[in-house]
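**Student:** Using numbering that gives the first Met the number 0, read the sequence shown as starting at 0 and increasing by one per residue.
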Amino acid sequence: MVREWDPRTASSAEISSLLDCLNQVFRTDLPGDPLWRPHFLREYLTETMPGVRRICWLAEQPDAGGGTEVVGHVNVLLLGDIGVLEILVRPDVRRTGLGRQLLALAVRRAYHEGFSSVGVEVIGDTCAVEFYESFGFARQFREIRSVLRLASVDWAAIEKMAQDAVSGYEVEFHPGGPPDDLVEAYARTKAEQSDPADGDLDLRPSSYDPERLRESLACLHRRGMTPYIVLARHSASGEVAGLTEVVVPAQHPTRADQYDTIVAQAHQGRGIDRAIKARMLLELRSVEPALTEVQTWNAEGDEEIIGINTEIGYRSDRDWWDYGADIPMLMHRLGVGN
Ligand SMILES: CC(C)(COP(=O)(O)OP(=O)(O)OC[C@H]1O[C@@H](n2cnc3c(N)ncnc32)[C@H](O)[C@@H]1OP(=O)(O)O)[C@@H](O)C(=O)NCCC(=O)NCCS
């Protein structure tokens, strides 16, 4: 049985059964990844970044105890001019047409909400590649995920990298996000990197307007994701010359996500990126003692940042693809009527 589902009003039993389904998917598709915990799962599903709406469906079947259990889930995030899909089917019920049914529901709804295309993040070396390609989704953008195991880090080298901080800049650590008086300068530096043509679906808080950035940070906190920021401030002008962002999610607090590292054009070539990334790791080691790994995603060709990550000890792990498809084509292939 598949039904539209609102995580805001869902019972704790439903949330916990969804978590169980999600972790079975992780064990099969991403066996090296940490399993998710129940903490903030409801908020993770409920809270969205400014301007984004989420619509969810749940697939259930009877369980051994006379109740029901979750065997599949789909949600579509409606943002800007695209609907972004996430579909999960429990491994023991795959290849029975459930994935197709969930895809058809989300695509039909996106069509009725006025959208003409959908996108999805597809993890390399999983059956999701064959699934989406079988419906005509096309590859649009490739990123490579890398993982840093903190136990293998050469901390003496990291301390040295952090101390190589360049003269004329102050490096600051801000747990929780940039202080309010720096949000505007911070947003300006983030805006420098924004490249709407790069094709990345980018579901992170890509907020270059100070007000939206504040809202995005508040949303991260509500979702149980604690942001940490290291900034390099240009002493002479007070500008944010460089920044790096890491988030520790309550759902998998042993593995943090490294988000953006940006150095403003006028300040590039001075080693600021190395210094701020190294400082971040030193700070995380003391404020998040349970942390064992950090993961990050880099676009192909982003050689400078990939070089620094390799020097720090990140090892590439998998391809992470953005796929896209036109809704009218999908509706035709799925045999979905208006
Ligand atoms: C991708 C996924 C949703 C597919 O669900 P499903 O219920 O098995 O899909 P369907 O049964 O509807 O398959 C539809 C078609 O997709 C293709 N397909 C699906 N899985 C495939 C596989 N393993 N190999 C080849 N083709 C496959 C086939 O063409 C299939 O049609 P067929 O069975 O008639 O040949 C499911 O495998 C899944 O949840 N994967 C995990 C996704 C993920 O993101 N994991 C990592 C994050 S934790």
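Ideal placement from N, C-alpha and C gives every residue a C-beta, glycine not left out.
I need the boundaries of the beta strand (DSSP E) containing proline 174, first residue and last residue.
**Tutor:** It spans 168 to 174 - the beta strand (DSSP E) in which proline 174 sits, taken as one unbroken run.
**Student:** Among Asn22, Gly50, Val106, whose alpha-carbon lies nearest the alpha-carbon of glutamate 210?
**Tutor:** Ranking the options by Cα distance to glutamate 210, first place goes to Gly50.
**Student:** Using a Cβ-based criterion (distance less than 8 Å to any ligand heavy atom), does glycine 334 qualify as near ligand 1?
**Tutor:** Answer for glycine 334: no, Cβ out of range of ligand 1.
**Student:** For glutamine 100, is the beta carbon positioned less than 8 Å from some heavy atom of ligand 1?
**Tutor:** True, at least one ligand heavy atom lies under 8 Å from that Cβ.
**Student:** Using a Cβ cut-off of 9 Å (strictly closer), state whether aspartate 301 contacts chain D.
**Tutor:** The chain inventory of the structure shown lacks chain D, comprising one protein chain alone.
**Student:** I'd like to know whether the C-beta atoms of alanine 255 and glutamate 299 end up nearer to each other than 9 Å.
**Tutor:** No.
**Student:** First and last residue of the alpha helix (DSSP H) that includes glutamine 192?
**Tutor:** Taken as a continuous stretch (DSSP letters only), the alpha helix (DSSP H) holding glutamine 192 covers 182 to 192.
**Student:** Mind checking which residues open and close the beta strand (DSSP E) that includes leucine 230?
**Tutor:** Element bounds for leucine 230: 224 to 233.
**Student:** Looking only at DSSP bridge pairs, what is aspartate 318 linked to?
**Tutor:** DSSP, once it has assigned bridges, lists Ile143 as partnering aspartate 318.
**Student:** Between which two residues does the beta strand (DSSP E) holding asparagine 74 run?
**Tutor:** Its beta strand (DSSP E) spans residues 67 to 78.
**Student:** Got a sec? Which residues, its chain only, sit under 6 Å from proline 28 by beta carbon, not counting five neighbours each side?
**Tutor:** Rather than proline, the amino acid found at residue 28 in this sequence is aspartate. The residues are Thr125.
**Student:** Considering just the uninterrupted stretch of the alpha helix (DSSP H) at arginine 278, what are its terminal residues?
**Tutor:** Residues 271 to 286.
**Student:** According to DSSP, is glutamate 129 helix, strand or coil?
**Tutor:** Three-state result, glutamate 129: helix.
**Student:** Ends of the beta strand (DSSP E) at arginine 213?
**Tutor:** Element bounds for arginine 213: not the beta strand (DSSP E) but the alpha helix (DSSP H), 209 to 221.
**Student:** Within the structure, which residues are defined as neighbours of ligand 1 by a Cβ-heavy atom distance below 6 Å, reported in chain order?
**Tutor:** Residues with a Cβ closer than 6 Å to any heavy atom of ligand 1, in chain order: Val24, Phe25, Asp28, Leu29, Ile86, Leu87, Val88, Arg93, Arg94, Thr95, Gly96, Leu97, Gly98, Arg99, Ile122, Thr125, Cys126, Ala127, Glu129, Phe130, Ser133.
**Student:** Give the single residue among Val165, Arg221, Val106, Leu242 whose Cα lies nearest to the Cα of tryptophan 56.
**Tutor:** Comparing Cα positions, the closest option is Val106.
**Student:** Note down the Cα distance separating isoleucine 122 from leucine 102, rounded to an integer number of angstroms.
**Tutor:** So the two alpha carbons sit approximately 17 Å from each other.
**Student:** Buried or exposed: which applies to arginine 94, given that a residue is buried once 16 or more other Cβ atoms fall within 10 Å of its Cβ?
**Tutor:** The residue is exposed, with fewer than 16 neighbouring Cβ atoms inside 10 Å.
**Student:** What three-state label does DSSP hand threonine 291 in the structure shown?
**Tutor:** Looking at threonine 291 - three-state DSSP - the assignment turns out to be coil, as it is neither helix nor strand.
**Student:** Rounded to the nearest angstrom, what separates leucine 97 and leucine 104 at their Cα positions?
**Tutor:** Each residue's alpha carbon lies about 11 Å from the other.
**Student:** Would a C-beta distance cut-off of 9 Å place tyrosine 258 and valine 247 closer than the cut-off?
**Tutor:** No, the Cβ-Cβ distance between tyrosine 258 and valine 247 is not below 9 Å.
**Student:** Have a look at glutamine 267 and aspartate 153 and give me their C-alpha separation to the nearest angstrom.
**Tutor:** For glutamine 267 and aspartate 153, the distance between alpha carbons rounds to 25 Å.
**Student:** Whole angstroms is fine: what's the gap from glutamate 214's alpha carbon to aspartate 208's?
**Tutor:** Cα to Cα, the separation comes out at about 10 Å.
**Student:** Under DSSP, the beta strand (DSSP E) around glutamate 120 begins and ends at which residues?
**Tutor:** Segment 116 to 122, the beta strand (DSSP E) holding glutamate 120.
**Student:** So, does the region 265 to 280 touch the region 64 to 78, judging by three or more C-beta pairs under 8 Å?
**Tutor:** Cβ pair count under 8 Å is below three, so no.
**Student:** Taking valine 73 and valine 83 to be in contact with their CB atoms under 8 Å, please state how far apart those CB atoms are, rounded to whole angstroms.
**Tutor:** Wrong, their Cβ atoms sit about 11 Å apart, outside the cutoff.
**Student:** Using 9 Å as the threshold, is the C-beta distance between proline 33 and serine 15 below it?
**Tutor:** No, Cβ-Cβ distance for proline 33 and serine 15 is not below 9 Å.
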